[in-house]
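Participant:
Protein chains in written order, with this note's numbering: chain A, 264 to 516; chain B, 100 to 323; chain C, 24 to 76.
Structure (structure tokens):
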């Protein structure tokens with residue numbers, strides 16, 4: 264705390280207060296959208312048009328521009344969920360609790376996308392829609408973990424209590440994810456030859472890699488945008504009797 | 100020392116309660132046996148087929164039986180308020196929770212070990228793998244109780260916690276299923292299984308140390 | 024490269040465009056649902072303010 268400049272501390276203090284946060288997101292939202300659109304535009308143009316076809320997989324490899332960033336996001340968001348859940352648990356910061364639970368549906372969506380596109384990529388490559396490949400399997404289990412978080416939050420009526428439960432579950436999940444991941448990988452190498460995973464790693468050229476990084480960045484910005492939208496409705500609902508929400512409603516009349 | 104007495108007292112109390120209510124012991128056990136008998140009826144009784152999938156069947160059934168028994172872990176204590184007393188006591192809640200989990204495993208996990216050889220014979224498992232099956236059950240079922248305790252402590256206050264409990268707990272059971280099932284399978288073909296057993300031991304150690312913390316925290320949350 | 028060639032993706036058009044399409048729909052839904060919920064929230068809150076009973 265002593266090493267952090269005062270202005271930064273003040274910024275976080277203000278952000279932890281719902282009305283300030285709400286006003287702040289109003290201001291940054293257009294910028295986030297502009298950056299997101301630019302990144303996605305360049306990423307897709309580079310990935311779908313400029314990048315050459317893969318010599319082994321033809322044009323089907325272009326699915327990686329959404330598959331791989333989604334898979335990265337699915338893990339990243341789980342980490343965010345656990346960390347903000349822990350912050351909410353330890354320091355009782357309401358906004359951190361809301362970040363944790365608002366991340367869950369977005370993370371689940373990315374996990375679903377990673378699975379779906381993985382399956383669509385697998386069909387022309389492996390000849391079947393589903394292969395019990397290590398990555399697909401761990402991604403499937405990750406989806407169940409997300410659904411567990413969402414289901415648990417929905418099942419508990421008191422949302423303050425539900426946030427705590429979700430934080431505990433997310434932390435337990437974070438400890439387990441590496442164990443699950445390695446166990447699935449180990450299981451996979453025993454039951455299947457390494458031929459399947461070979462296709463997963465295309466020899467990546469700069470013209471293919473650059474759009475991939477752009478898309479990964481664009482997905483990060485998408486996450487911010489979607490997260491802010493979810494946080495806003497969650498804040499409004501939880502604080503529906505607070506003065507600032509009533510003022511907001513009056514503004515709209 | 101007082102903590103140790105409290106620890107033992109909770110185990111004794113829970114065992115005594117279980118002896119008085121025998122259905123708590125019998126239900127998961129019957130479920131375990133029933134599920135295993137359903138498999139040959141469902142897929143046909145070809146001996147090689149059954150032999151090939153026996154480790155998987157036994158372990159998946161053990162997983163389901165463990166999950167089914169979880170509800171009884173904190174349910175009655177939650178309903179009659181003694182859970183609150185345990186959490187209010189001056190001793191660390193995580194240690195007392197560990198005592199409850201151990202008692203629960205003695206009542207629901209240990210009986211599985213006793214009937215498992217019988218079921219292994221029914222499924223035509225090779226005799227050399229029965230020892231390994233018992234060892235994996237001995238190491239694996241406590242992990243199931245420990246991880247399950249986290250899930251059940253999160254849902255104990257809910258009216259319909261059953262469905263959500265399976266969603267919370269089963270994905271976390273995956274590593275145990277993989278290593279234990281594989282060890283039994285390998286043992287059947289006469290291969291060494293030291294690696295799998297060592298991993299199971301480390302998973303058990305890890306969950307004994309780590310699982311009581313979130314369980315205690317979640318119980319405190321559920322009780323309030 | 025003609026548009027037809029681009030859309031066919033060297034014969035993999037179906038797989039590539041379905042993935043992109045589904046991704047687009049899922050990501051869009053994630054933005055639209057909270058915005059709709061917010062609109063609904065304000066509509067309800069306004070009604071409640073006009074006649075609190």
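Ideal placement from N, C-alpha and C gives every residue a C-beta, glycine not left out.
Computed from a prediction, not measured in an experiment: that's the story for all the values here.
#1: Per DSSP, what are the beta-bridge partners of residue 321(A) in this structure?
#2: Would you give the residue range spanned by the alpha helix (DSSP H) that residue 233(B) belongs to?
#3: Of the choices 419(A), 432(A) and 420(A), whose alpha-carbon is the least far from that of residue 250(B)?
#4: Between which residues of its own chain and residue 334(A) is the CB-CB distance below 6 Å, once the five residues before and five after are set aside?
#5: Within 8 Å, do at least three Cβ pairs link the region 204 to 223 of chain B to the region 135 to 149 of chain B?
#6: Counting only beta-carbon separations shorter than 8 Å, does residue 69(C) have a partner in chain A?
#7: Give me the Cα-Cα distance between residue 73(C) and residue 61(C), rounded to the nearest whole angstrom.
#8: Which of the three DSSP states is assigned to residue 261(B) in this structure?
#9: Contact criterion: CB-CB distance below 8 Å. Does residue 50(C) meet it with respect to chain A?
#10: Specify whether the region 471 to 487 of chain A and the region 303 to 310 of chain A touch according to this definition: at least 3 beta carbon pairs, one from each stretch, less than 8 Å apart.
#11: Can you name, in chain order, every residue of its own chain whose Cβ lies under 8 Å from the Cβ of residue 170(B), other than the five neighbours on each side?
#12: Below 9 Å between beta carbons is the criterion; list the residues of the region 432 to 451 of chain A that meet it against any residue of chain B, in chain order.
#13: Could you check what DSSP says for residue 468(A) in three-state terms: helix, strand or coil?
#14: Going by the beta-carbon positions, is the gap between residue 426(A) and residue 364(A) smaller than 8 Å?
#15: Should residue 462(A) be flagged as near chain C, meaning a C-beta pair shorter than 8 Å?
#16: Just to confirm, are residue 153(B) and residue 131(B) a CB contact at a threshold of 8 Å?
#17: Shortest alpha-carbon distance to residue 410(A) belongs to which of 270(B), 242(B), 321(B) and 255(B)?
#18: Is there a Cβ of chain A sitting closer than 8 Å to that of residue 53(C), yes or no?
#19: So which of 120(B), 317(B), 150(B) and 125(B) has the shortest CA-CA distance to residue 257(B)?
#20: Please determine if the region 229 to 243 of chain B and the region 289 to 307 of chain B are in contact, where contact requires at least 3 C-beta pairs separated by less than 8 Å.
#21: Assuming contact is defined by CB atoms lying nearer than 8 Å, are residue 372(A) and residue 362(A) in contact in what I supplied?
#22: For residue 196(B), return the contacting residues in chain A, with the cut-off set at a CB-CB distance below 7 Å.
#23: Would you mind reading off the limits of the alpha helix (DSSP H) that contains residue 149(B)?
#24: In three-state DSSP terms, what is residue 279(A)?
#25: For the alpha helix (DSSP H) containing residue 312(A), name the first residue and the last one.
#26: Determine the DSSP secondary structure at residue 183(B), reduced to helix, strand or coil.
#27: Could you spell out the range, first to last residue, of the alpha helix (DSSP H) harbouring residue 364(A)?
#28: Does the beta carbon of residue 300(A) come closer than 8 Å to any beta carbon on chain C?
#29: When the Cα of residue 414(A) is compared with those of 247(B), 254(B) and 176(B), which residue comes out closest?
#30: Would the beta-carbon of residue 206(B) fall within 8 Å of that of residue 114(B)?
#31: Taking 8 Å as the CB-CB limit, is residue 57(C) close to chain A?
#32: Applying a beta-carbon distance threshold of less than 7 Å, which residues of chain B neighbour residue 414(A)?
#33: On a CA-only basis, which of 211(B), 213(B), 230(B) and 185(B) is nearest residue 315(B)? Give me that one, please.
#34: With a 10 Å radius around its C-beta and 16 neighbouring C-beta atoms as the bar for buried, classify residue 374(A) as buried or exposed.
#35: Can residue 38(C) and residue 399(A) be called in contact, C-beta distance under 8 Å?
Facilitator: Here's the rundown:
#1: 317(A)
#2: 226 to 254
#3: 432(A)
#4: 377
#5: yes
#6: yes
#7: 18 Å
#8: helix
#9: yes
#10: yes
#11: 251, 260, 261 and 264
#12: 432, 434, 435, 436, 438, 439, 442, 443, 445, 446, 447, 449 and 450
#13: coil
#14: yes
#15: Residue confidence for residue 462(A) is low, a pLDDT of 46 falling below 50, so the modelled location carries little weight and cannot support an answer.
#16: no
#17: 270(B)
#18: yes
#19: 317(B)
#20: yes
#21: no
#22: Simply none; closest approach about 13 Å.
#23: 146 to 168
#24: coil
#25: First-last for residue 312(A): undefined, no H or E at that position.
#26: helix
#27: 357 to 389
#28: no
#29: 254(B)
#30: yes
#31: yes
#32: 263 and 266
#33: 185(B)
#34: buried
#35: no
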